[in-house]
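Under this note's numbering, the letters of the sequence shown match residues 216 to 660, in that order.
Each residue gets a CB set at the ideal place from its N, CA and C atoms; glycine is no exception.
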Amino acid sequence: MSQKRPSQHGGSGQEVRAAAARALAPVLSDQGSLAGLDEHSVVARDRGLLKELCFGTCRRLPRLEALAGVLLKQPFKKRDSDVQALLLLGIYQLLYMRIPAHAAVGETAGAARLLNKEWATRVLNGCLRRLQRESEALQAQVDREESVALEHPPWLLNALRQAWPEQWRDIIEANNHPGPMTLRVNQRYNDREAYLGMLTEQGLSGHLCPHAPDAITLETPCDVTALPGFEEGHVSVQDEAAQLSAALLGPALAPRPGARVLDACCAPGGKTAHLLEQFDIALTAIDSDNQRLARVEDTLSRLGVEAVLEHADATQRDWWSGTPFDAILLDAPCSGTGVIRRHPDIKKLRRKDDIRPLAKLQRQLLDNLWPMLREGGTLLYATCSVLPEENSEQIEAFLARTPNAHVTTPSDVAWGIPSGAGRQLFPAQSSHDGFFYARLEKRTA
Ligand SMILES: C[S@@+](CC[C@H](N)C(=O)[O-])C[C@H]1O[C@@H](n2cnc3c(N)ncnc32)[C@H](O)[C@@H]1O
216 MSQKRPSQHG
226 GSGQEVRAAA
236 ARALAPVLSD
246 QGSLAGLDEH
256 SVVARDRGLL
266 KELCFGTCRR
276 LPRLEALAGV
286 LLKQPFKKRD
296 SDVQALLLLG
306 IYQLLYMRIP
316 AHAAVGETAG
326 AARLLNKEWA
336 TRVLNGCLRR
346 LQRESEALQA
356 QVDREESVAL
366 EHPPWLLNAL
376 RQAWPEQWRD
386 IIEANNHPGP
396 MTLRVNQRYN
406 DREAYLGMLT
416 EQGLSGHLCP
426 HAPDAITLET
436 PCDVTALPGF
446 EEGHVSVQDE
456 AAQLSAALLG
466 PALAPRPGAR
476 VLDACCAPGG
486 KTAHLLEQFD
496 IALTAIDSDN
506 QRLARVEDTL
516 SRLGVEAVLE
526 HADATQRDWW
536 SGTPFDAILL
546 DAPCSGTGVI
556 RRHPDIKKLR
566 RKDDIRPLAK
576 LQRQLLDNLW
586 PMLREGGTLL
596 YATCSVLPEE
606 NSEQIEAFLA
616 RTPNAHVTTP
626 SDVAWGIPSG
636 AGRQLFPAQS
646 SHDGFFYARL
656 EKRTA
C-alpha cells in the first residue's frame, strides 16, 4: 500500500486523518485490505489513533456507509474513495470516539486538502455538521434496516442466523468489539504463572486463560516491545483458540520424538512456532504465499526454532518427497468469519460468493494431503470460520468419501460445542476467537 511518509514537522490531526483515508480507500474500492496498513506513515504518537480510526471505521462500516448515503446529496465518484473514507472516518469519530466534535469535524474536513482535494472540504464540513445537528433522527432512520443496526452485511447476518439460531446474536456482538490481546508463553523459558509474575512486575496485568495451557490474556493491549523477553522469544501474541492446535496434536506428537510433521498452510507461522516450542519434531512448513512465508522465517528466528520452510502449493504433490508424515496440520484458508473483530475489513471485502470457492479449495487440500499421512497418523483440520460449509459440512463430506478417516476429536473438553465431527468455537468478548477443529486418524479402511 503506498502511503505518504510523515511530514518533517511532526504529526497533526489532519495528517493522521489523511493517512487513515489513504489506507481505507483501497478497502472501500475493493482493491486492498487493512493488512498492509503502514503505521509508519504517521509519527509515533499518532500511530494508535491511526489504527483506531482505520479498524474502528471498518468495524462499524455498514452503519457508517448507510449514514453517509443519507448525508450525501449524491455519492462521491469512484476515484474519490479517499474522500468517501474521510466522511466515514468523520462519522465514526462523532458517533463512536471521545474526540471533541469540533476537532473531529474540522480536522477531518481539513484533511481533504492533504489529499489534494480541497473541493471536498465544504461537502465534508456540511455533512458532518448536519450529523451533529440531526444525530438521533438520522441514526434512527438508518437503524430501521436490521443489518445496518447490527453492523454486518446482510448475507453474513443471514448466514449466521441460519447456522447458529442460538448463538448468532453473541457472535455479532463479539464481532463489533475489538478482540483482547492474548499471549502464548514459551514453555522452554517460563511457565505461564511465572511469566504472569514478570508481567505484573512490569506493571501489566492479565489472567490465565481457561482452555489453552500456555495462554495469558492481557487486561489492556500493549505494544509487543513492552512484553518481557519478547525479542528473545519468551512470548508471542496468539489468540487462545489458535493455541488449541498444539494441545490437539499433543497425543500424536508428544510420544514420538522426531515425528515427521507437515504444517500445510503455515503462514504467518503462529501454529508452526507453537508446535516447535512444544514438541521435538521434524517439521516441514509450506505456504503458497511467499510474502507471508517470509514472516514465518522472522518468527522462527526470533524464537530460535527450526523447520524446513517451502514455498509450495498444498493442493499439488510436486514438493513432496514421498515419505509419509506422522501428523499433518491443515489450518485451511477460509472466510475468516471467526476473526472479524481482528480483521474488521472482512465485513466489506468478504462476499457470499466467496464461500463456495473457499470450500472447494479446502476440499482439494484435504483430498491432496490425506494420502501423504501414514497409516495411524493424525490430521488436524482447522479454520477460523464459523460457517458450517467450511467446517462441519466440509468434514462430513470428507468422511463420506474417505473410508479410512476416523474421527478422534475430543469430546471431554470445556471449549466450543460439538459440531458434526469437530468442535466449533465462537468469538467471545474478552475471550477467544471463533475457530473450528476436527481431528482425524488414518486407519485401515
Ligand atoms: C489461516 S492461514 C494460516 C495461518 C497459520 N497456520 C498460522 O497459524 O499462523 C491460511 C494460509 O493458507 C495459505 N494458503 C492458501 N492456499 C494455499 C495452498 N494452496 N497451498 C498452501 N498454502 C495455501 C495462505 O497463504 C495462508 O497463509
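Exercise for the section: List the residues that DSSP assigns as beta-bridge partners of Pro633. Expected result: Residue numbering aside, residue 633 sits at position 418 when the sequence shown is read from its first letter. BP columns for Pro633 point to Arg638.
Problem - Pocket of ligand 1 defined by Cβ to heavy atom distance under 7 Å - result: Working through the chain, the matches are Ala457, Asp478, Ala479, Cys480, Cys481, Ala482, Pro483, Gly484, Gly485, Lys486, Thr487, Ile501, Asp502, Ser503, Asp504, Arg507, Ala527, Asp528, Ala529, Thr530, Asp546, Ala547, Pro548, Cys549, Leu576, Leu580 and Cys599.
Problem - Ordered list of alpha helix (DSSP H) runs contained in the region 452-484, each at least 4 residues - result: The region 452-484 contains these whole alpha helix (DSSP H) runs: 455-468.
Handout entry: Residues of its chain near Gln639, where Cβ-Cβ distance is below 6 Å and the 5 sequence neighbours each way are ignored
Key = By one-based count along the sequence shown, residue 639 stands at place 424. These residues qualify, in order along the chain: Gly631, Ile632 and Phe651.
Practice task
Return yes when the Cβ of Leu588 is within less than 7 Å of the Cβ of Leu594, no when it is not.
Solution key: In the sequence shown, the residue the question calls residue 594 occupies position 379. In the sequence shown, the residue the question calls residue 588 occupies position 373. For Leu594 and Leu588, yes; Cβs fall inside 7 Å.
Problem - Beta-carbon gap between Leu684 and Leu309 smaller than 7 Å - result: What the structure shows of the chain is the stretch from 216 to 660, and residue 684 is not part of that stretch, so it cannot be assessed.
Handout entry: Option nearest Lys292 by Cα separation, candidates Thr272, Leu515, Leu243 and Phe270
Key = One-based indexing of the sequence shown puts residue 292 at position 77. Lys292 has its Cα closest to that of Leu243, out of Thr272, Leu515, Leu243 and Phe270.
Problem - Limits of the unbroken alpha helix (DSSP H) element including Val320 - result: Against the sequence shown, residue 320 aligns to sequence position 105. For Val320, the enclosing alpha helix (DSSP H) covers residues Ala316 to Leu329.
Exercise for the section: Measure how close the beta-carbons of Thr487 and Val511 come, nearest whole angstrom, since I'm counting them as under 8 Å. Expected result: Residue mapping note: residue 487 aligns to position 272 of the sequence shown, counting from 1. Residue mapping note: residue 511 aligns to position 296 of the sequence shown, counting from 1. So it is a contact: roughly 6 Å between Cβ atoms.
Handout entry: Cβ pair Leu518, Ala482 closer than 7 Å
Key = Your numbering for residue 518 matches position 303 in the sequence shown. Your numbering for residue 482 matches position 267 in the sequence shown. For Leu518 and Ala482, no; Cβs fall outside 7 Å.
Practice task
Compute the Euclidean distance between the alpha carbons of Ser645 and Gly394, then round it to the nearest angstrom.
Solution key: Here residue 645 refers to the residue found at position 430 of the sequence shown. Here residue 394 refers to the residue found at position 179 of the sequence shown. The straight-line gap from Cα to Cα measures roughly 6 Å.
Exercise for the section: Leaving aside the five residues before and after Asn505 along the sequence, list all residues of the same chain whose C-beta is less than 6 Å from its C-beta, in chain order. Expected result: Position 290 of the sequence shown, counted from the start, is the residue given in the question as residue 505. Same-chain partners within the cutoff: His526.
Problem - Under the three-state DSSP convention, the category Lys219 falls into - result: Indexing the sequence shown from 1 puts residue 219 at position 4. Confidence at Lys219 is low in this model, with a pLDDT of 44, below 50, so its placement is unreliable and the value that follows should be read with caution. The answer is coil: DSSP assigns Lys219 none of H, G, I, E or B.
Handout entry: Boundaries of the alpha helix (DSSP H) in which Ala615 is found, first to last residue
Key = Counting from 1 along the sequence shown, the entry for residue 615 is found at position 400. Ser607 to Arg616 is the span of the alpha helix (DSSP H), which, as asked, contains Ala615.
Practice task
Using the Cα positions of Arg274 and Arg658, report the straight-line distance between them to the nearest angstrom.
Solution key: For this step, residue 274 is matched to residue 59 along the sequence shown. For this step, residue 658 is matched to residue 443 along the sequence shown. C-alpha separation (whole angstroms): 45 Å.
Handout entry: Ala281 in three-state terms, based on DSSP
Key = As a position in the sequence shown, residue 281 is number 66, starting the count at 1. Reduced to three states, the DSSP call for Ala281 is helix.
Practice task
For Asp406, count neighbouring C-beta atoms within 10 Å of its own C-beta (all shown protein chains included) and say buried if the count is 16 or more, exposed if not.
Solution key: As a position in the sequence shown, residue 406 is number 191, starting the count at 1. Exposed, since its Cβ has fewer than 16 Cβ neighbours within 10 Å.
Practice task
Please state whether DSSP places Gly251 in a helix, a strand or coil.
Solution key: Residue numbering aside, residue 251 sits at position 36 when the sequence shown is read from its first letter. Collapsing the DSSP output to three states places Gly251 in a helix.
Handout entry: CA nearest to the CA of Glu604, picked from Asp385, Asp569, Pro241 and Cys424
Key = What you label residue 604 is simply residue 389 of the sequence shown in a count that begins at 1. If we check each option's Cα against that of Glu604, Asp569 comes out closest.
Problem - Contacting residues, own chain, Cβ-Cβ under 7 Å from Ser550 (five flanking each side not counted) - result: Your numbering for residue 550 matches position 335 in the sequence shown. Contacts found: Arg565, Asp569, Ile570, Leu573, Ser600, Leu602 and Glu605.
Problem - Secondary structure of Ala235, DSSP reduced to three states - result: Within the sequence shown, residue 235 is the residue found at index 20, counting from 1. In the structure shown, Ala235 sits in a helix (DSSP, three-state: H, G or I).
Problem - Residue burial classification, Asp541 (beta-carbon count within 10 angstroms, cutoff 16) - result: One-based indexing of the sequence shown puts residue 541 at position 326. Buried, since its Cβ has 16 or more Cβ neighbours within 10 Å.
Exercise for the section: Identify which residue in Val450, His489 and Asp495 has its Cα closest to the Cα of Pro472. Expected result: Indexing the sequence shown from 1 puts residue 472 at position 257. It is Asp495.
Exercise for the section: Name the residue from Glu349, Ser350, Leu329 and Gly325 whose alpha carbon lies nearest to the alpha carbon of Val338. Expected result: Your numbering for residue 338 matches position 123 in the sequence shown. The shortest Cα separation from Val338 among Glu349, Ser350, Leu329 and Gly325 belongs to Gly325.
Problem - Where His224 falls, given that 16 or more other Cβ within 10 Å makes a residue buried - result: Within the sequence shown, the letter at position 9 stands for residue 224. Its pLDDT being 39, under 50, His224 is placed unreliably by the model, and the measurement read from it follows with that caveat. Exposed is the call here.
Handout entry: For Leu524: DSSP bridge partner residues
Key = The residue you call residue 524 lines up with position 309 of the sequence shown. According to DSSP, which records beta bridges pairwise, Leu524 is partnered with Ala500.
Problem - Same chain only: Cβ atoms within 8 Å of Ser362, ignoring 5 sequence neighbours per side - result: Translated into the one-based positions of the sequence shown, residue 362 becomes position 147. If you ignore the 5 residues before and after Ser362, its C-beta comes within less than 8 Å of the C-beta of Pro277, Pro368, Pro369 and Leu372, all in its own chain and listed in chain order.
Practice task
Determine the burial state of Ala260: buried for a count of at least 16 other Cβ atoms within 10 Å of its Cβ, exposed for fewer.
Solution key: Stepping through the sequence shown from its first residue, residue 260 is reached at position 45. The amino acid at residue 260 is misidentified as Ala; the sequence shows Arg. The residue is exposed, with fewer than 16 neighbouring Cβ atoms inside 10 Å.
Problem - When Gly553, Asp560, Trp585 and Val554 are compared against Thr538, the one with the closest alpha-carbon - result: Mapped onto the sequence shown, residue 538 falls at position 323. Between Thr538 and the set Gly553, Asp560, Trp585 and Val554, the nearest pair of CA atoms involves Trp585.
Handout entry: Three-state class that DSSP yields for Arg507 in the structure shown
Key = One-based indexing of the sequence shown puts residue 507 at position 292. In the structure shown, the three-state DSSP call for Arg507 is helix.
Practice task
Please state if the CB of Ala250 and the CB of Leu329 are separated by a distance shorter than 7 Å.
Solution key: Looking up residue 329 in the sequence shown gives position 114. Looking up residue 250 in the sequence shown gives position 35. The criterion of a C-beta distance shorter than 7 Å is not satisfied by Leu329 and Ala250.
Problem - Complete runs of the alpha helix (DSSP H) confined to the region 367-422 [at least 4 residues] - result: Counting whole runs of 4 or more residues, the region 367-422 contains the alpha helix (DSSP H) stretches 369-378, 383-390 and 407-416.
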